[in-house]
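Chains as they are written, first to last, in our numbering: chain A, 1 to 293; chain B, 1 to 152.
One structure is given here, and the rest of the page talks about it.
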């Protein structure tokens with residue numbers, strides 16, 4: 001790979017200074033599991049790398065004012081075993097467990113997964129289904145928040161400027177009525193790129209066994225993860241019984257058909273979506289299902 | 001850039017080109033050739049090392065990222081000329097054929113056994129999912145790890 005300068009900020013002031021000198025060729029190095037491959041393949045020839053692996057303040061997961069914050073340096077390994085994530089965002093923990101291999105999970109960061117914006121990213125559908133925002137800082141230390149789904153333009157491209165950096169991901173803590181799950185499907189059981197994935201966050205009326213609300217975010221369907229309006233419309237208000245399984249399968253099937261009509265992968269993904277839906281159904285509702293007569 | 005790093009409990013002060021990977025530092029700068037390069041893109045695990053107590057693909061770690069960090073390579077497992085129990089069990093169980101995947105396999109197994117002293121077969125498979133082997137078909141590798149676990 002072509003050589004470059006490397007800056008290693010250890011605090012926010014040093015990071016701001018590094019960002020102030022950034023050009024459109026400057027890249028941020030976090031876990032490196034995507035970036036280093038691109039460098040090796042000469043797909044990227046940065047002038048400078050800003051290596052944020054020494055930013056210890058970015059390695060925290062915490063809760064504050066009803067929100068969960070995941071720092072930009074938090075890895076998928078950190079996420080899959082963290083009690084705050086297991087409590088508040090099972091969909092994100094389940095996605096983290098299925099990213100790559102242990103070696104990859106130990107280095108790859110959720111923020112980097114978002115910034116890389118692959119259409120098949122596993123960290124993004126959970127964030128979208130949680131209505132998560134990215135906390136973004138610029139070279140002058142000004143912060144803004146951007147909805148994760150809005151932030152992505154297309155694969156590999158976000159709305160961030162080269163003098164900006166994601167400092168954290170943020171989403172609301174879970175209420176007692178909420179539950180979430182994530183399912184992915186690839187060509188292998190593990191260490192596989194998703195061919196199709198879905199993350200569901202559901203709000204349940206446990207007394208009446210009815211779905212109060214649901215977000216299902218699709219992954220590897222089209223250019224970026226999105227919440228299926230078809231799924232929300234079909235599933236919201238329904239009773240939790242075995243017919244819900246069929247409704248979920250149909251709604252994800254229709255979602256795929258509508259979203260990537262004309263793509264050669266559509267017939268496969270349209271059918272595979274039914275399996276994804278059924279897996280989600282069992283993960284979310286198996287223990288509260290009403291038995292039909 | 002100047003970096004200080006600890007490899008197999010020895011401190012190194014190095015002046016490295018920024019575009020070197022940890023894999024290159026180990027093999028070409030320091031001469032520790034036990035860590036292998038196979039795919040070069042973090043898929044096969046032949047380049048696995050233990051970085052701050054966790055496994056990592058050294059082909060994806062850049063030089064700047066090892067400053068102040070602790071690394072253990074396969075060479076670090078031998079103590080006072082004695083093989084680590086895992087290494088002995090791999091040999092006894094026929095889990096080594098060409099040997100190219102073996103350093104990575106052993107380091108991933110080592111980290112597993114440090115966290116989980118009696119793993120199930122599923123847990124072993126999961127811990128080794130990032131290490132590919134083209135020779136053995138994995139069964140003897142899993143048997144070796146099981147054997148090392150139950151010997152303790």
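Note that beta-carbon positions come from the ideal geometry of N, C-alpha and C, so glycine has one too.
The structure presented is a predicted model; accordingly, all values stated were derived computationally and were not measured.
Delimiting residues of the beta strand (DSSP E) encompassing residue i
i                     : result
residue 171 (chain A) : 164-172
residue 57 (chain B)  : 54-57
residue 279 (chain A) : Run containing residue 279 (chain A): none in the beta strand (DSSP E); it sits in the alpha helix (DSSP H), 266-285.
residue 144 (chain A) : 143-147
residue 49 (chain A)  : 48-51
residue 15 (chain B)  : 10-15
residue 135 (chain A) : 133-138
residue 49 (chain B)  : 48-51
residue 6 (chain B)   : 2-7
residue 45 (chain A)  : Element bounds for residue 45 (chain A): n/a, residue is neither H nor E.
residue 32 (chain B)  : Looking at the DSSP string, residue 32 (chain B) is not in any beta strand (DSSP E), and its letter there is neither H nor E.
residue 78 (chain A)  : Careful: residue 78 (chain A) lies outside any beta strand (DSSP E), inside the alpha helix (DSSP H) at 76-80.
residue 154 (chain A) : 152-154
residue 27 (chain A)  : 27-29
Paired residues, beta bridge with residue i - DSSP
i                     : result
residue 299 (chain A) : The structure shown has nothing for residue 299 (chain A), since chain A only spans 1 to 293.
residue 182 (chain A) : A:199
residue 239 (chain A) : A:210
residue 219 (chain A) : A:197
residue 82 (chain B)  : B:79
residue 226 (chain A) : A:218
residue 114 (chain A) : Residue 114 (chain A) pairs with nothing; no bridge assigned.
residue 254 (chain A) : Its beta-bridge partners do not exist; DSSP assigns none.
residue 7 (chain A)   : A:50
residue 21 (chain B)  : B:62
residue 157 (chain A) : A:154
Proximal residues of chain B, C-beta to C-beta of residue i below 7 Å
i                     : result
residue 106 (chain A) : 54, 55, 56
residue 1 (chain A)   : 19
Interface partners of residue i on chain C, CB under 7 Å
i                    : result
residue 78 (chain A) : Of the protein chains in the structure, A and B, none is chain C.
8 Å contact criterion, which residue i and residue j should meet: CB distance rounded
i                     : j                     : result
residue 127 (chain A) : residue 148 (chain A) : 4 Å
residue 236 (chain A) : residue 213 (chain A) : 6 Å
residue 12 (chain A)  : residue 112 (chain A) : Wrong, their Cβ atoms sit about 19 Å apart, outside the cutoff.
residue 240 (chain A) : residue 193 (chain A) : Not quite, the Cβ-Cβ distance comes to about 33 Å (not below 8 Å), so this is no contact.
residue 89 (chain A)  : residue 174 (chain A) : 7 Å
residue 202 (chain A) : residue 252 (chain A) : No, residue 202 (chain A) and residue 252 (chain A) are not in contact; Cβ-Cβ is about 14 Å, not under 8 Å.
residue 310 (chain A) : residue 96 (chain A)  : What is shown of chain A runs 1 to 293, which leaves residue 310 (chain A) out entirely.
residue 45 (chain B)  : residue 130 (chain B) : 4 Å
residue 152 (chain A) : residue 117 (chain A) : 5 Å
residue 110 (chain A) : residue 171 (chain A) : The pair is not a contact, with the Cβ atoms about 11 Å apart (cut-off 8 Å).
residue 255 (chain A) : residue 225 (chain A) : Not a contact, Cβ separation roughly 12 Å.
residue 42 (chain B)  : residue 37 (chain A)  : 7 Å
Residue i, enclosing alpha helix (DSSP H) - first and last residue
i                     : result
residue 66 (chain B)  : Here residue 66 (chain B) belongs to no alpha helix (DSSP H), and DSSP marks it neither H nor E.
residue 200 (chain B) : Residue coverage of chain B in this structure runs from 1 to 152, which leaves residue 200 (chain B) outside it and unanswerable.
residue 150 (chain B) : 139-151
residue 86 (chain A)  : 83-88
residue 102 (chain B) : 102-115
residue 125 (chain A) : 124-129
residue 14 (chain A)  : 12-20
residue 38 (chain A)  : 35-40
residue 127 (chain B) : 121-127
residue 338 (chain A) : There is simply no residue 338 (chain A) to check, as chain A begins at 1 and stops at 293 in what is shown.
Contact set between residue i and chain A, taken where Cβ atoms lie within less than 8 Å
i                     : result
residue 21 (chain B)  : 36
residue 62 (chain B)  : 6, 29, 32, 36, 49, 51
residue 76 (chain B)  : The premise fails here: residue 76 (chain B) is roughly 17 Å from chain A at the closest Cβ pair, so nothing lies under 8 Å.
residue 41 (chain B)  : 37, 40
residue 1 (chain B)   : 6
residue 48 (chain B)  : 103
residue 108 (chain B) : 102, 103
residue 97 (chain B)  : Under the 8 Å cutoff, chain A gives no residues; its nearest Cβ is about 21 Å from residue 97 (chain B).
residue 65 (chain B)  : 29, 32, 51, 53
Contacts that residue i makes with chain A (C-beta to C-beta distance below 7 Å)
i                     : result
residue 127 (chain B) : 102
residue 45 (chain B)  : 101, 103
Cβ-heavy atom distance, residue i to the ligand ZN, below 7 Å
i                     : result
residue 285 (chain A) : The ligand ZN is not among the ligands present in this structure, which contains no ligands whatsoever.
Neighbour list for residue i in chain A, Cβ cutoff strictly below 9 Å
i                     : result
residue 130 (chain B) : 100, 101, 102, 103, 104, 105, 190, 191
Inter-stretch contact (C-beta, 8 Å, three-pair minimum) for the region 34-53 of chain B and the region 72-90 of chain B: By the Cβ rule, the region 34-53 of chain B counts as touching the region 72-90 of chain B, because three or more pairs are nearer than 8 Å.
Any 3 or more C-beta pairs closer than 8 Å across the region 43-54 of chain A and the region 58-73 of chain B: By the Cβ rule, the region 43-54 of chain A counts as touching the region 58-73 of chain B, because three or more pairs are nearer than 8 Å.
contact_flag[the region 160-169 of chain A, the region 134-144 of chain A] where n(CB pairs < 8 Å) is 3 or more: Enough Cβ pairs lie closer than 8 Å, so yes.
Three CB pairs or more closer than 8 Å across the region 1-15 of chain A and the region 23-43 of chain B: They do not touch, by the three-pair rule.
The region 211-231 of chain A touching the region 116-126 of chain A, judged by at least three CB pairs closer than 8 Å: With a cut-off of 8 Å, the region 116-126 of chain A and the region 211-231 of chain A count as touching, because enough Cβ pairs lie within range.
The region 69-78 of chain A in contact with the region 181-190 of chain A per 3-pair CB rule at 8 Å: With a cut-off of 8 Å on Cβ pairs, the region 69-78 of chain A is not in contact with the region 181-190 of chain A, counting fewer than three such pairs.
Validate contact between the region 73-92 of chain A and the region 43-50 of chain A using beta carbons, cut 8 Å, 3 pairs: Inter-segment contact for the region 73-92 of chain A and the region 43-50 of chain A is absent: fewer than three beta-carbon pairs are separated by less than 8 Å.
Cβ contact check for the region 14-26 of chain A and the region 152-165 of chain A: 3 or more pairs under 8 Å: Look at the beta carbons and you see the region 14-26 of chain A touching the region 152-165 of chain A: at least three pairs across the two are nearer than 8 Å.
Three or more C-beta pairs below 8 Å linking the region 91-111 of chain B and the region 137-149 of chain B: With a cut-off of 8 Å, the region 137-149 of chain B and the region 91-111 of chain B count as touching, because enough Cβ pairs lie within range.
Segment contact, 8 Å Cβ cut-off, at least three pairs: the region 52-63 of chain B with the region 100-120 of chain B: Using a Cβ-Cβ distance cut-off of 8 Å, the region 52-63 of chain B and the region 100-120 of chain B are in contact, since at least three pairs of beta carbons, one from each stretch, lie closer than that value.
Validate contact between the region 10-21 of chain B and the region 77-87 of chain B using beta carbons, cut 8 Å, 3 pairs: In short, these stretches do not touch, since the Cβ pair count stays below three.
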